[in-house]
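Presented below is the structure to which this report refers.
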Amino acid sequence: MDANFQLKNQLVSNYSQDPGLGMGWAYMIPRQPYESYVLSQANDEDISTCVGFQALAQANTKSTKGLRYTGVNGVFCGRSEMVLPMGLGNLQKGERYANMDFVFASSLREFLGLSLILISYDIACQWFINLSKRMKEHWPSDLRLPPTIKLIPAIPKLHEPMHETTNHQVYSLNFIPGVGKSDLETPERVWSAHNAIGNWSKVQGPGSRSDSVDDHLAFWNWLKYVSHGDFLLRKYMAALAERNIQREGHRGFTATLEKFLVVKWEAMCVAWEKDPFPKKKPNPYHTESAVITEAQVRKELAEEEQRRLADGGTSLHTTSAASFISIGLEIEDTQRRIRRLAKSASSQATARQEGGLIEQRNQLRTRIQGWGQLIPIYMPGLLQYKTTLPRGSYADDAENAEDVDLWFPSRVDCTARATVCVTNLPEMEEKLRTAQCFDSLDNVRTILTLKSCMVAFKSKNVRGQREGTRSRAVIDRVHKRARAAAEKYRASRRAKLALSGPGDWEQELQELLDADIRGYQDPDRLRRGPGRRGTLEDGQLQIADEEIDQAEGSDFTLFNEVRSRRDGTGETRRTISWIWRVRRQMAPPDTAANVHENANNTANKTADNTTNNTANINAENARKNTKKSTKKRANEANDEAIEDANNDTNNDILRSEWAKSRAHAARCQEEVLLIREEMRRTIAASTKTLRKA
159 MDANFQLKNQ LVSNYSQDPG LGMGWAYMIP RQPYESYVLS QANDEDISTC VGFQALAQAN
219 TKSTKGLRYT GVNGVFCGRS EMVLPMGLGN LQKGERYANM DFVFASSLRE FLGLSLILIS
279 YDIACQWFIN LSKRMKEHWP SDLRLPPTIK LIPAIPKLHE PMHETTNHQV YSLNFIPGVG
339 KSDLETPERV WSAHNAIGNW SKVQGPGSRS DSVDDHLAFW NWLKYVSHGD FLLRKYMAAL
399 AERNIQREGH RGFTATLEKF LVVKWEAMCV AWEKDPFPKK KPNPYHTESA VITEAQVRKE
459 LAEEEQRRLA DGGTSLHTTS AASFISIGLE IEDTQRRIRR LAKSASSQAT ARQEGGLIEQ
519 RNQLRTRIQG WGQLIPIYMP GLLQYKTTLP RGSYADDAEN AEDVDLWFPS RVDCTARATV
579 CVTNLPEMEE KLRTAQCFDS LDNVRTILTL KSCMVAFKSK NVRGQREGTR SRAVIDRVHK
639 RARAAAEKYR ASRRAKLALS GPGDWEQELQ ELLDADIRGY QDPDRLRRGP GRRGTLEDGQ
699 LQIADEEIDQ AEGSDFTLFN EVRSRRDGTG ETRRTISWIW RVRRQMAPPD TAANVHENAN
759 NTANKTADNT TNNTANINAE NARKNTKKST KKRANEANDE AIEDANNDTN NDILRSEWAK
819 SRAHAARCQE EVLLIREEMR RTIAASTKTL RKA
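497 is the number that our numbering gives to position 339 of the sequence shown; each next residue is one higher, with no gaps.
See the structure below:
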């Protein structure tokens, strides 16, 4: 169901002089009851709570001067792409709920025997909310649907990305059982094939225009009818191939998971699918975005240092070991920034620009010298270690400050790290490097999302060389930020690899290749070619070849795949980059302290019980031994709790991806079954028609 504002009609003639030959006999609904109902709802306001839809925003403001009708609205079959009888009406003033309600109810008069009807609409998330209320209070009695019919709302696939994503999976055709791979964009195809008639139908009288629209829609239905056999065969062959790919992919995905997780997630998906609208069951496709940040790790290390000092530990310097590593990481970031600044500086830079660069280098060198004074304290064996290295393998006295080597525990060979660094210093850097990796990936994702929005806005709204150049310059600045975030991740990962060595963590924090840096919804952002308007189906639309700007695609690209055969959102065929699957959740920083306090309390109680029950055992020894064992168990329990929290977060990501994989495989299987049934019914209907003839 949708509206079209190209098929306008001017105030030419009237119904008395041009009544039409067959008003209400084909596709255009009868005029008088329809306009009477719309007039009775003239004061209703259609309010959107999702996003600012143009259809609703302009319903009461659209210019109507000199027009009898501002367009038409219609209801179509989403599978056969035919126009439904009595399924087209005129719009008096924009796309209002009253117009859509009446045409929707009118088109269902021939289908009241069905028990389940799926209705797609661009703004179904708003229109469907109070549909039952409007039906009971305002609809004419002869149009009210029987209570035995169950309605399921959906949003067409190409319109879905424009909506809010929070809890909108309930409207997604990718997750509604039984719809197959239908995109339900039929109205757009019908309108694009008939927009041309608006140039001359708008100056016709009301009756002649109605008859002309009926004739063209009848011809559309006839073309669909005679080509249905070839159309179904093409769809069937494509559906078989896609079903096999998705089914085998889902089987392979499932084989890598624990069986109890698969059983749990399967039950969750089934419960969500069976839950009626509005769904209240847990959403298997929703994930919480929780990541550990570098700031959180610094806070945790500072609190650990505070607890160590409170327990009687000594401080080697007013700057703690954790702060020593943190300051070094900040200097490393500054080095990368100045290195990029120096690289981008042209040979014709002004004296002011060169002076600014030199001043930043001087400030950086001062910070490096101040940080270097802490190295003998926290890395006392570094000087001796350097004597074992080949001459020229490091640059402590480089000409430019950004080229000076910074000595972290990760730069020291693992065999000598224990003698070079103070206790726990490598572990502190490893924690901060891990947090840097997650922070950098989060920055990359944020910048990719921002850049994709900016590119889409530029393509849609910016025209002209001057405006295009300005917009390109802004996008280039965002692109440089993405490069910086990727560079930081790669440096942090190299350091973590040197500290932790190869391990399971590499499955989560993978090597970041240029091909991995792509948007989460790349298929939704792909540029679309014009194709043959209104005649090709979803799987047949051709993509126009367009080159990506050099500044946009030199080592990054938002367009992750070359698509030369298909159009659409690509949701059922998409593959996402691993960077969008990385999440991390950590227990609150005070968890370890709470567990330690609980361990002490448990140890004291256990020691007291031991003293009272066993007189031969020294109470003090029992208390010490019990404290140690209980503290050990408490620490192990805390580690397991943190690991479980991380696993829960990772499982949420896996659950979401597995549920989507399951949905994709199920929709492909449904598509094959639906086409088989459509083939059977087509043959049966054709045979019945021939017998009557």
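Just so it is clear, CB atoms sit at the ideal spot from N, CA and C, and this is done for glycine as well.
In this structure Ala-263 is not in contact with Leu-289, their Cβ atoms being roughly 10 Å apart against a cut-off of 8 Å. Residue range 229-234 is occupied by the beta strand (DSSP E) that includes Gly-232.
For the options Asp-672, Thr-592, Phe-286, the alpha carbon positioned closest to that of Ser-658 is the one of Thr-592.
Take the alpha-carbon of Arg-409 and the one of Val-420: they are about 11 Å apart. Look at Val-241 here: in three-state DSSP terms it is strand. For Asn-325, the secondary structure class from DSSP, reduced to helix, strand or coil, is coil.
In this model, Leu-831 and Lys-339 are separated by some 11 Å (Cα to Cα). With respect to Leu-667, Val-562 sits apart: the two C-beta atoms are not nearer than 9 Å. For Ala-376, the enclosing alpha helix (DSSP H) covers residues 364-384. In this structure, Glu-253 sits near Ala-161, with a CB-CB distance shorter than 9 Å. His-352 is classed as buried because its beta carbon has at least 16 other beta carbons within 10 Å across all chains shown.
A straight-line Cα-Cα distance of about 21 Å links Gly-661 and Lys-646. For Lys-589, the number of other beta carbons within 10 angstroms of its own is at least 16, and it is reported as buried. Judged by beta-carbon spacing, Ile-485 lies within the 9 Å limit of Trp-529, meaning their Cβ atoms are closer than that value.
In this structure, Pro-534 places its C-beta atom within 9 Å of the C-beta atom of Leu-541. Looking at the DSSP output, Leu-249 sits in a beta bridge with Gly-229. Contact between Phe-482 and Tyr-536 is confirmed by a C-beta separation of about 5 Å, below the 8 Å threshold.
For Ala-574 and Tyr-543, the gap between their C-alpha atoms comes out near 8 Å. Rounded to whole angstroms, the gap between the alpha carbons of Val-328 and Asp-369 is 39 Å.
No residue range can be given for Asn-288, since it is assigned to no beta strand (DSSP E) and is classified by DSSP as neither H nor E. For Met-537, the three-state secondary structure derived from DSSP is coil.
Of all C-beta pairs linking the stretch 360-367 to the stretch 174-184, three or more are shorter than 8 Å, placing the two stretches in contact. Contact annotation: the stretch 818-838 touches the stretch 381-393, with at least three C-beta pairs closer than 8 Å. Across the structure, Met-244 and Lys-251 are spaced so that their CA atoms are roughly 20 Å apart.
Between the alpha carbons of Ala-429 and Pro-314 lies a gap of roughly 24 Å. Under DSSP, the beta-bridge partners assigned to Pro-311 are Ile-277. Beta-bridge analysis with DSSP links Asp-662 to no other residue.
Under DSSP, the beta-bridge partners assigned to Gln-168 are Leu-225.
Cβ-Cβ distances below 7 Å link Lys-439 to Ala-429, Trp-430, Asp-433 in the same chain, with the five nearest sequence neighbours on each side left out; the list follows chain order. CA-to-CA, the gap between Arg-189 and Val-261 works out to about 11 Å. For the pair Thr-477 and Leu-532, the CB atoms are nearer than the 9 Å cut-off. The DSSP-derived three-state label of Ala-425 is helix. Look at the stretch 542-613 and you find these whole runs of alpha helix (DSSP H), each 4 residues long or longer: 575-578. A Cβ-Cβ contact shorter than 9 Å links Met-258 with Trp-285. With a beta-carbon spacing of about 40 Å, Ala-817 and Pro-584 fall beyond the 8 Å limit used to define contacts. Taken through DSSP and simplified to helix, strand or coil, Met-159 comes out as coil.
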